[in-house]
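Peer 1: Under my numbering, residues 13 to 214 are what the sequence shown spells out, in order.
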Amino acid sequence: MSSQKKYRNFSTDSNGRDRLSSDDGFYQGMLKAMDERKDERDRVQKKTFTKWVNKHLIKAQRHVSDLYEDLRDGHNLISLLEVLSGETLPREKGRMRFHKLQNVQIALDFLRHRQVKLVNIRNDDIADGNPKLTLGLIWTIILHFQISDIQVNGQSDDMSAKEKLLLWSQRMVEGYPNLRCDNFTTSWRDGKLFNAVIHKHE
């Protein structure tokens, strides 16, 4: 049997060091491009969700500058839920980590009481500023308090909240040249669709 390596193709440079083949280099380039697209998507999503949160928090005379940081103590999160629901929630006033965890837990328990499904989101995830789960929590809140109640001309009774949101988004950007809403990924990547929706409601 040949002693050559079977599973990875290497070549060597002039100093005898292993060098990744062109196939491996292409693969690494693809991974890097995918990471960059994900980072851009997360950046746009964070910016979009921050605007949505602040649109409601203004009623409580509060403001979020950094979505990941400014929800960590639970106060802005509780205020957001109070504005959206019209109810008053209890909260801890201390500044220790225990108080922050308790405030976030109050918010999560309130959502669960309203039959909102929270998947793998714990109070310490939000208190620690976990980007992925913070975005997931805000998206879940948007789905429950805003999108589920959307009524759009042309919708069918069996449409999901996501399908209604897509149809609603398409209605909102009608009349704006060169703007199309075909999905929730590439269509929203440059932020133009979100700005059009905000402009529609100003």
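Glycine is no exception: its CB is placed at the ideal position from the N, C-alpha and C atoms.
Give the list of continuous alpha helix (DSSP H) stretches no shorter than 4 residues that lie fully inside the region 130-210.
Peer 2: Within the region 130-210, the complete alpha helix (DSSP H) runs of at least 4 residues are 135-139, 143-157, 173-184.
Peer 1: How far does the alpha helix (DSSP H) with ALA119 in it reach, from first residue to last?
Peer 2: Position 107 of the sequence shown, counted from the start, is the residue given in the question as residue 119. 109-125 is the extent of the alpha helix (DSSP H) around ALA119.
Peer 1: Do LEU69 and SER91 have their C-beta atoms within less than 8 Å of each other?
Peer 2: Here residue 69 is taken as the residue at index 57 of the sequence shown, counted from 1. Here residue 91 is taken as the residue at index 79 of the sequence shown, counted from 1. The answer is yes: Cβ separation under 8 Å.
Peer 1: Using the rule of at least 16 other Cβ atoms within 10 Å of the residue's Cβ for burial, across every protein chain shown, is ASN190 buried or exposed?
Peer 2: For this step, residue 190 is matched to residue 178 along the sequence shown. ASN190 comes out exposed.
Peer 1: Taking the C-alpha atoms as reference points, what is the distance between LYS174 and LYS129?
Peer 2: Walking along the sequence shown from the start, residue 174 turns up at place 162. Walking along the sequence shown from the start, residue 129 turns up at place 117. LYS174 and LYS129: Cα-Cα distance of roughly 15 Å.
Peer 1: Assuming GLY86 contacts LYS112 (C-beta within less than 8 Å), just tell me the rounded distance between them.
Peer 2: Stepping through the sequence shown from its first residue, residue 86 is reached at position 74. Stepping through the sequence shown from its first residue, residue 112 is reached at position 100. With a Cβ gap of about 6 Å, GLY86 and LYS112 count as contacting.
Peer 1: For SER77, does the three-state DSSP call read helix, strand or coil?
Peer 2: One-based indexing of the sequence shown puts residue 77 at position 65. Reduced to three states, the DSSP call for SER77 is coil.
Peer 1: Measuring CB to CB, does LEU79 end up less than 8 Å from THR62?
Peer 2: Translated into the one-based positions of the sequence shown, residue 79 becomes position 67. Translated into the one-based positions of the sequence shown, residue 62 becomes position 50. Contact: yes.
Peer 1: If you draw a straight line from the alpha carbon of SER172 to that of GLN73, how long is it in whole angstroms?
Peer 2: Translated into positions along the sequence shown, residue 172 becomes position 160. Translated into positions along the sequence shown, residue 73 becomes position 61. Going from the Cα of SER172 to the Cα of GLN73 covers about 33 Å.
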